[in-house]
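Below is one structure, written out as C-alpha cells; comments come after it.
In our numbering, the protein residues as written are -17 to 540.
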C-alpha cells in the first residue's frame, strides 16, 4: 500500500519558498577554491594526491596535496567572523562515523542523524556537503540557512542557540575520512550597485507578449517614473493584461563581474547597455533566471521588460558580486511572498510502489514519456525508460516528488527523485553486436527493441519483458543491502552475440574482487568476480562489457 504525503510543515514550506522571499540565500554560486593544504591540520591528518583502488578499512593513497585524510581529531574547515557559504566532498571508510561540528557547538552525525543517514552513500564513495551559515549578531542567533547533502536540502532556516566559539569542523569519531574540493566564500551585505535616479516606465496594452519588439507597437496606456522597479505601477489600469517597459541608469560601484537574478510572474527579460543579460522567458514566481555580465565602474543603461500572463504577478531583480549577498533593485511589494505549496510525495508501504510519469533528465530538452519509476520500502529506487529499456536514474532516501504530476492541472507530469540521485547512461543495457569493438548505440528503434509488458511478484516488484533483435528479455531490478541488483535473462534466438554494458563513464577503476568504481568514485558496479568484463574505450568514454549467454547479473552500489 502506498503512502501519499502532502507536506505543509516547516521543511516543505521552506522548499516551496526557497528563492522567493526578499532575497535569495546565495550570490554567485561558484565558490572560490580553498586549497586543503591551507587548512590547519591537527594530529592524525595528512595530505594526499588521490585515493587508490583497494578494499577494506584502510585508504590507500598516492602522494600529493589534492585532499586531506585523517582520523581522530576534528579538522577545522572555517572559523567564521561573517556569514559564509561552503562546499566540500568527503569519503569515508566502512567503519567511520563522521560528524559536522557547527561553530555554535552542535554536531550533526552523517551516520546517525536520520535525514542525513538515509542519503549517505556507501563507504568509499565521494559525498558532497554544502551549507550556508549566518553568524549571530547581538541578540540575533546564528542560523544554518541551508544544509544540502548529496544534492538534497535537509535543513533550512534552523536557528542555532549558543555562542559561536568553535570553528566549523569535520569530526571523524571513528574510522577515517578524506576531504577534497573545498570551496568557501564570505557573504558580505555590502551594496554593489544603486539606481542613479528615477526609472521611467511605459505601459502598453496586451499581455503575454514574448517578443518585446512586438509589444512596442501596442497602444500606450500610461507613462511615468518610479524610484524602484515595481510591477504595481500597472495597478488601476482598465486592462488587466498589459506589458511594461522600464528604463533606468544603474551605478556599478566597482568594476567587475555582476550577477543579476530575475524573478517574475509572466514574461520578462533584462538588458544592460543594450546586451540581453537575462534572456526573456515565461516563468512563474519561484523559478528565477540568472545572468552575469562584466561592468565597469560607473553608469550603465538598464532595461527591464515585463508582460503579464496568467501566472501570479510579481517582479524582482537582484544584483550581486562574488562575496556579497544579493541586493534588491525592486520595491519590496513588487515581489510578493508566494502561496505556499506543499510537496506532494509518494512513499512505498509494505510493497514496492510503481509510478508511470514523464521524466526529464538534466541537459535534455525533451521529456521521456514512457518512464516507469519503482520505489522500494528498503529505500532504494529507480526509473527505467520503457522505450529504450534504459536504467535512467537510481536513488536512495525518500521516493517520489509528484507535485508537478498531481498539483492543480499537473501539466508537466514530471516525477522528481527525492533522495541521493545517480544519473546513469541513458541507453539500453543489452545489445546485439558483431564483436566487442563495435560502438554502443545511442538509441534503439521499435524494430530492434519493443516493450511487451510487466508482471509483479508478491513484493510488488516488476519483471519487465521486451524483445531485442529476435530474442526475448526479462529485466528484474531489486533492492540489495547497499544498492540495486539487476538481472537480465535472454531467451530465444538473437541475431548475433548479446552483450551487456554494465557500466559507462569517464573513468572506471578496478577496485578488485568484481568491484569497479565509476566516474571518480561516484558509485560502484559489482559483478561476479569469476566473470571477466572487457574494459574498453569508446567515443571518449570507458565501458565495461560482458557477453551474455543466458543471463547476467550486476549490482549498482551507492
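Ideal placement from N, C-alpha and C gives every residue a C-beta, glycine not left out.
Strand pairing of residue i, partner residues [DSSP]
i: residue 27; result: 52
i: residue 410; result: For residue 410, which the question treats as bridged, DSSP gives no partner whatsoever.
i: residue 74; result: 159
i: residue 363; result: 377
i: residue 177; result: 232
i: residue 79; result: 156
i: residue 185; result: 204 and 226
i: residue 459; result: 468
i: residue 282; result: 232
i: residue 490; result: 500
i: residue 134; result: 131
i: residue 68; result: 113 and 166
i: residue 291; result: DSSP, once it has assigned bridges, lists no residue as partnering residue 291.
Reduced DSSP category for residue i - H, G, I as helix; E, B as strand; rest coil
i: residue 521; result: coil
i: residue 190; result: coil
i: residue -1; result: No answer about residue -1 holds up, because its pLDDT of 32 lies below 50 and its placement is not dependable.
i: residue 40; result: coil
i: residue 383; result: strand
i: residue 315; result: helix
i: residue 166; result: strand
i: residue 298; result: strand
i: residue 213; result: helix
i: residue -9; result: The predicted model places residue -9 with a pLDDT of 34, which falls under 50 and marks its position as unreliable; any figure quoted below should be read in that light. If DSSP states are grouped into helix, strand and coil, residue -9 belongs with coil.
i: residue 114; result: strand
i: residue 559; result: In the structure as shown, the chain starts at -17 and stops at 540, and residue 559 therefore has no counterpart that could be examined.
i: residue 197; result: helix
i: residue 19; result: helix
i: residue 4; result: With a pLDDT of only 40 at residue 4, under 50, the local geometry of the prediction cannot be trusted, and no value is derived from it.
i: residue 516; result: strand
N-terminal and C-terminal residue of the beta strand (DSSP E) that residue i is part of
i: residue 97; result: Taken as a continuous stretch (DSSP letters only), residue 97 belongs to no beta strand (DSSP E), being part of the alpha helix (DSSP H) at 96 to 99.
i: residue 405; result: 398 to 405
i: residue 325; result: 325 to 329
i: residue 227; result: 224 to 234
i: residue 246; result: 238 to 254
i: residue 465; result: 465 to 474
i: residue 499; result: 497 to 500
i: residue 535; result: 533 to 539
i: residue 336; result: 335 to 341
i: residue 451; result: That residue, residue 451, is in no beta strand (DSSP E); it is neither H nor E in DSSP.
i: residue 420; result: Unbroken run through residue 420: none, as it is neither H nor E.
i: residue 505; result: 505 to 509
i: residue 350; result: 350 to 357
i: residue 265; result: 257 to 265
Option in the options with minimal Cα separation from residue i
i: residue 399; options: 410, 408, 379 and 412; result: 379
i: residue 362; options: 119, 465, 297 and 314; result: 465
i: residue 414; options: 422, 408 and 407; result: 422
i: residue 31; options: 303, 271 and 48; result: 48
i: residue 118; options: 84, 111, 336 and 300; result: 84
i: residue 121; options: 109, 141 and 311; result: 141
i: residue 427; options: 359, 226 and 449; result: 449
i: residue 303; options: 288, 175 and 258; result: 175
i: residue 486; options: 474, 505, 524 and 463; result: 524
i: residue 244; options: 211, 232 and 231; result: 211
i: residue 360; options: 331, 51 and 384; result: 331
i: residue 286; options: 294, 431, 252 and 267; result: 252
i: residue 463; options: 104, 21 and 23; result: 104
i: residue 295; options: 262, 247 and 215; result: 247
i: residue 57; options: 508, 162 and 205; result: 162
The ligand FMN heavy atom lying under 7 angstroms from the CB of residue i
i: residue 125; result: Summarising the ligand content, the structure contains no ligands, and the ligand FMN is consequently not present.
Spatial neighbours of residue i in its chain, beta-carbon cut-off 8 angstroms, leaving aside the 5 residues before and after
i: residue 510; result: 496 and 535
i: residue 101; result: 131, 132, 134, 136, 378, 379, 401 and 402
i: residue 425; result: 370 and 409
Beta-carbon contacts of residue i that lie in its chain and below 7 angstroms, excluding the five residues immediately before and after
i: residue 7; result: The predicted position of residue 7 is uncertain, since its pLDDT is 47 and thus under 50; no value can be drawn from it.
i: residue 209; result: 180
i: residue 3; result: Here residue 3 scores only 36 on pLDDT, less than 50, and its place in the model should not be relied on; the value that follows carries that caveat. So the list reads 319, once near-sequence residues are dropped.
Proximal residues to residue i (C-beta, below 6 angstroms), its chain only, five neighbours per side dropped
i: residue 502; result: 489
i: residue 92; result: 80, 98 and 102
i: residue 472; result: 453, 455, 480 and 530
i: residue 333; result: 441 and 442
i: residue 277; result: 234 and 240
i: residue 69; result: 13, 112 and 165
i: residue 446; result: 436 and 457
i: residue 433; result: 368 and 448
i: residue 273; result: 242, 259 and 260
i: residue 349; result: 340 and 342
i: residue 300; result: 243, 308 and 310
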